[in-house]
Amino acid sequence: MGFPDTPLDVTVQLRLGDTWTDVTADTYLRDPITIERGRHDEGSRIDPGKVALTFDNRSGTYSPRNASGPHYGLLGRNTPVRIAVADPSIPTYLDLPGAGSYATTPDTAALDITGDLDVRVDLTQAAAQPGAVVEVAAKYELTGNQRSWQLTLFNGNATLRWSTNGTTVIDAFSTDPFPFPVSGRIAVRAALDVDNGAGGWTVRFWSAPTLAGPWTPVGQPITGAGTTSVYASTAPLTVGDNPGQIVTPLTGRIHAFELRNGAGTVVAATDFTALAPGTTTWTDPAGRTWTLHGDATIPERISGRITAEISSWPPRRDVSGTDAWVQVEAAGIKRRLGQGTDPLASSLRRSLTAAAPIAYWPCEDARGSTQAYSPVPGAPPLRTGGGAEFAYGDGPTGSLPLPRLGEGVTLAAAVPATPDLPDGWQVEMVYRLDELPPAGSYPQLLQIASTGTVVLWTISIAADVVAVRGYDVNGTFVTNTGSPPGTTATGGWARLRLQVRESAGTVSWDLRWFLIGQPDFEHTFNFHTGSAGRPTAIDTRIGAGLTDLQIGHLSVMPLDTDAYAHADNGHEGDRGSQRVERLCAEEGVPLVSRADVESQVALGPQQAAPLLDLLEEAAEVDGALLGEDRTSLALRYRPGYQLYGQAPALVLDYAAGDIAPPLEPADDDQTVRNDIEVTRRGGSSARITLDSGPLSVQPPPNGIGRYPDSPELNLYRDDQAAQLASWRLHLGTWDAARYPRVCIDLAAAPHLIAAVTALEIGDTIRLVNLPLGDGPSSVDLIVQGYSETVGSYDWTIELNTTPAGPWQVAAVEDQVLGRADTDGSTLATGATSTATTLSISTTTGPLWTTDPAEYPLDLAVAGERVTVTAMSGTTSPQTATAVRSVNGFIKTLPAGADVRLWQPAVLAL
214 MGFPDTPLDV TVQLRLGDTW TDVTADTYLR DPITIERGRH DEGSRIDPGK
264 VALTFDNRSG TYSPRNASGP HYGLLGRNTP VRIAVADPSI PTYLDLPGAG
314 SYATTPDTAA LDITGDLDVR VDLTQAAAQP GAVVEVAAKY ELTGNQRSWQ
364 LTLFNGNATL RWSTNGTTVI DAFSTDPFPF PVSGRIAVRA ALDVDNGAGG
414 WTVRFWSAPT LAGPWTPVGQ PITGAGTTSV YASTAPLTVG DNPGQIVTPL
464 TGRIHAFELR NGAGTVVAAT DFTALAPGTT TWTDPAGRTW TLHGDATIPE
514 RISGRITAEI SSWPPRRDVS GTDAWVQVEA AGIKRRLGQG TDPLASSLRR
564 SLTAAAPIAY WPCEDARGST QAYSPVPGAP PLRTGGGAEF AYGDGPTGSL
614 PLPRLGEGVT LAAAVPATPD LPDGWQVEMV YRLDELPPAG SYPQLLQIAS
664 TGTVVLWTIS IAADVVAVRG YDVNGTFVTN TGSPPGTTAT GGWARLRLQV
714 RESAGTVSWD LRWFLIGQPD FEHTFNFHTG SAGRPTAIDT RIGAGLTDLQ
764 IGHLSVMPLD TDAYAHADNG HEGDRGSQRV ERLCAEEGVP LVSRADVESQ
814 VALGPQQAAP LLDLLEEAAE VDGALLGEDR TSLALRYRPG YQLYGQAPAL
864 VLDYAAGDIA PPLEPADDDQ TVRNDIEVTR RGGSSARITL DSGPLSVQPP
914 PNGIGRYPDS PELNLYRDDQ AAQLASWRLH LGTWDAARYP RVCIDLAAAP
964 HLIAAVTALE IGDTIRLVNL PLGDGPSSVD LIVQGYSETV GSYDWTIELN
1014 TTPAGPWQVA AVEDQVLGRA DTDGSTLATG ATSTATTLSI STTTGPLWTT
1064 DPAEYPLDLA VAGERVTVTA MSGTTSPQTA TAVRSVNGFI KTLPAGADVR
1114 LWQPAVLAL
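For the sequence shown, the numbering used here begins at 214 and goes up steadily by one.
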């Protein structure tokens, strides 16, 4: 007998030190465990996950300051906890929790593939740091130069690397990212053809739902000149974190692995779903003996319900003192990330500081400052004299306000001594100069002291020339060159960069300047014999005529460091997942994100704000879901486009008892917004209202009155405001009942456990065979969150949902979602409940098509769903042949009833 006749097998684990440790059931199941994830009460943001559970503490085990307790020194603030429930319907898998976790089989002759190879892995990648190279499978060791081949993932793309000699390597990168689903499970395949018949080699990539296929090409084939081969190394074959290679370990699950010699002969094949829980060694069908290492396991068949952090351990005792317990409430990672209110530094300061500059002065100091702070350890501040006005005005979009430096202002700071820079160096800054000084005046803009042949570099600017002069130790010109400033030196925030490069006794230098955000640039350059040396100081007196000069983000960098690009304009044009992935990578926040960049809404500049605010801002613009991963302490980002047109992940049959009471559709105004004005931050706005219909701004009974919303969004362009306003009006005036609670009793319906526990926030579910008295017989809903109670013999989940209808958007060539709705149609005459011929008048716009290829199609007439199989007539009214009562409603249709497509095409955001 299974659940509910036997107790649930619940697993609670605490992360004590570096190890997940099981907590015995008699310790925590004295009270039911309650879990909350996602949005609640129609909130605009996803709340941090919460879990409440009670530990029996009569032994003092869960008192952090009990020095005699077994967990002393290991329990504390934000101790990670994870909860799972056993589910025999879930296949087993290879669990790879992180570093040092892998499965391996020893090297054999059969694995020494030297020609064509084909490697296939079915995996679920959990949290990953964006920008990290994650190893999936390999026969590859650095020690002893035993490199054969290696399959890795990088930001959703795959790379196949191989060596012909065990030392040097060849890389082939997939030209497109893999289409990771929201769950992350995908089969990745890479094949190397060492001789493609055209004098070269070819690598191809494919994806599939599982290793059983069907396989879909990912990107274009990658080719290289000359045939190739694969080195027969002595390295073992590994799946997971290869100990012979220094890369980021795969955190997640492997469901199956296969290696083929060429396209046919299978030389290693493991189906981890067929292994028994607890297996540590086994022999695969190809005869390979495998062994697990590190924390890799074939775990019990469990469904992870939440991973969170326990922030406090409050002790409780009864009045007798004999009973003691600790009642904790753990929270997801968003709680901790939201605790701080300090804004992140500007995007320029973050980017430049991360680039390891030799010297750097942001110049973002407060008004009244007399020097510019340096975030570079050991670098002195940039001293100013002569009346510099800090925080004078706005900087470029990637900066806080910057100082105004008038005529005669001085800037001085030593550049820290560095190891030799054999290739050269560069000095760069942003500046604003709205009007150039008169021609022939040549006031000084910047002066740099250095070692090398030129000991003093000066940059001057005037209406006729931008000049670079270099002096030797005797004050003699080594170089004196200039170019007209063109149109890129003034008119907004600009960037100036001097690069000094040395090669074989020749120094070449190049000065470039360009307006931020513009692709065009001007430059002047020259060369001389000698050495480049290195900068030793910034020592500048601003020349006459530069009265309204602003500068900032002055840096000294190794040659060819590109840290300003995109950061100077605040990463304008980022898509939501790009910004979220970059910020999480910079802040070391684990993230699960699978996204197509081009399908998302472009963002405006990244401001100086707290991390979580920036992440939520990106999600708000795109209509995305920023939540938490269930199985790891990581954020999960689901772009808005991934909500469009989903097939149901779960179907619940009301008539079969899949839905527990109460099921109460709400026909209220809680989510109605019919007057939307969207303002672009720092830009213009657009307003749109719904002027007719049941949810319009008209007073009752012609509408419901005005329900305004006026969000300010960080958009990239002004014209996006109208698009966002239209989309938000569409969402806010969707005329359907809400189902704020859908209750599922898994003890009463254990056959639903696998599907219900696989649900993610943002998935679509379908309710069927609903009571006709409540409305349609079936509805599609999007899961916004859920509450869950887990006891010994009880397991209930209450889903918080919203209508999925607004997210059924137009699809090209789709027979349902590809149809444009009528501009206006009504029933010309009434029809009985059984009539199969309807007379339809077109009041506005073109007539209904009579092309037989366009039928059948579904219409909505007075709440009834009618399937039209044919339409005749070239003038209004037209005659429709119809199948009635498709959605269960049997009714008389009145003359004048509005006629619409049941599912009209809606343009996506």
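For each residue, glycine too, the CB sits at the ideal point set by N, CA and C.
Cut-off 8 angstroms between Cβ atoms - residues of its own chain near residue i, not counting five sequence neighbours on either side
i	result
P245	T1002, V1003, G1004 and D1007
R563	L557, A780 and E799
Y1132	Nothing can be reported for residue 1132, as the shown portion of the chain is limited to 214 through 1122.
T631	I571 and R747
T377	I383, T441, S442, V443 and Y444
Top-ranked residue by Cα proximity to residue i, from the options
i	options	result
G1037	P1107, R549, S905 and A745	S905
P293	V236, A481, R708 and S909	V236
P593	T610, R580 and A572	A572
A707	E641, A469 and A1066	E641
G251	H964, P527, A371 and Y850	Y850
L288	Q883, P498, D775 and S276	S276
W638	R710, T703, P818 and F603	R710
Whole-angstrom distance between residue j and residue i, CA atom to CA atom
i	j	result
L908	D881	11 angstroms
S446	D260	51 angstroms
M214	A967	Residue placement at M214 cannot be trusted, given a pLDDT of 44 that sits under 50; what the coordinates show is reported in the next sentence. In a straight line, the C-alpha of M214 is about 17 angstroms away from that of A967.
T219	A960	10 angstroms
R893	A626	40 angstroms
D723	T597	27 angstroms
S257	G836	10 angstroms
T1080	F485	47 angstroms
G282	R271	11 angstroms
G858	Q338	24 angstroms
S696	R617	26 angstroms
S525	S806	30 angstroms
A847	L227	16 angstroms
P193	E620	The requested residue 193 does not occur in the structure, where the chain is confined to residues 214 to 1122.
L1114	V885	22 angstroms
T232	G311	11 angstroms
F740	T554	50 angstroms
C576	L613	9 angstroms
Other residues of its chain near residue i: CB distance less than 6 angstroms, five sequence neighbours each side excluded
i	result
P921	D888
Q433	T388
H1191	Outside the displayed span of the chain (214 to 1122) sits residue 1191, for which this structure offers no information.
T1009	D958 and T1002
P698	V679
V1074	L1106, A1110 and V1112
T492	I511
A1044	L1051 and L1106
CB-CB length for residue i against residue j, believed under 8 angstroms
i	j	result
Q997	T1015	6 angstroms
L944	I901	Wrong, their Cβ atoms sit about 12 angstroms apart, outside the cutoff.
A537	I523	The Cβ separation is near 17 angstroms, so there is no contact.
L424	A400	5 angstroms
T1056	T1039	6 angstroms
T701	E735	5 angstroms
Cβ shell of residue i (< 7 angstroms), same chain only, five flanking positions each side left out
i	result
A345	T461
V431	S387, D389, F391, F418, W419 and S420
Q791	V810
E300	Contrary to the premise, residue 300 reads as Asp rather than Glu in this sequence. For D300, where only same-chain residues beyond five positions count, the Cβ hits under 7 angstroms are R514, I515, S516, I966, A967 and T970.
L972	A862, L863 and V996
A822	P556 and L557
Contact with chain C by residue i, beta-carbon distance below 8 angstroms
i	result
P1107	Considering every chain present, this structure includes no chain C. It has just one protein chain.
| Can you list the beta strand (DSSP E) stretches of 3 or more residues lying completely in the stretch 246–314, in chain order? | 246–251, 260–269, 292–299 and 307–309
| Any beta strand (DSSP E) of 3 or more consecutive residues that is wholly inside the stretch 513–550 | 515–523, 528–530 and 537–544
| What alpha helix (DSSP H) runs, 4 residues minimum, are completely inside the stretch 813–839? | 824–835
| query | Residue ranges of each beta strand (DSSP E) run of no fewer than 3 residues wholly in the stretch 320–386, ordered along the chain? | reply | 330–338, 346–354, 359–367, 370–375 and 383–386
| Every unbroken beta strand (DSSP E) within the stretch 974–1034, with a cutoff of 3 residues, ordered by chain | 977–981, 992–1003 and 1008–1016
| query | Along the chain, which unbroken stretches of the beta strand (DSSP E) at least 3 residues long are found entirely within the stretch 463–497? | reply | 465–474, 478–484 and 494–496
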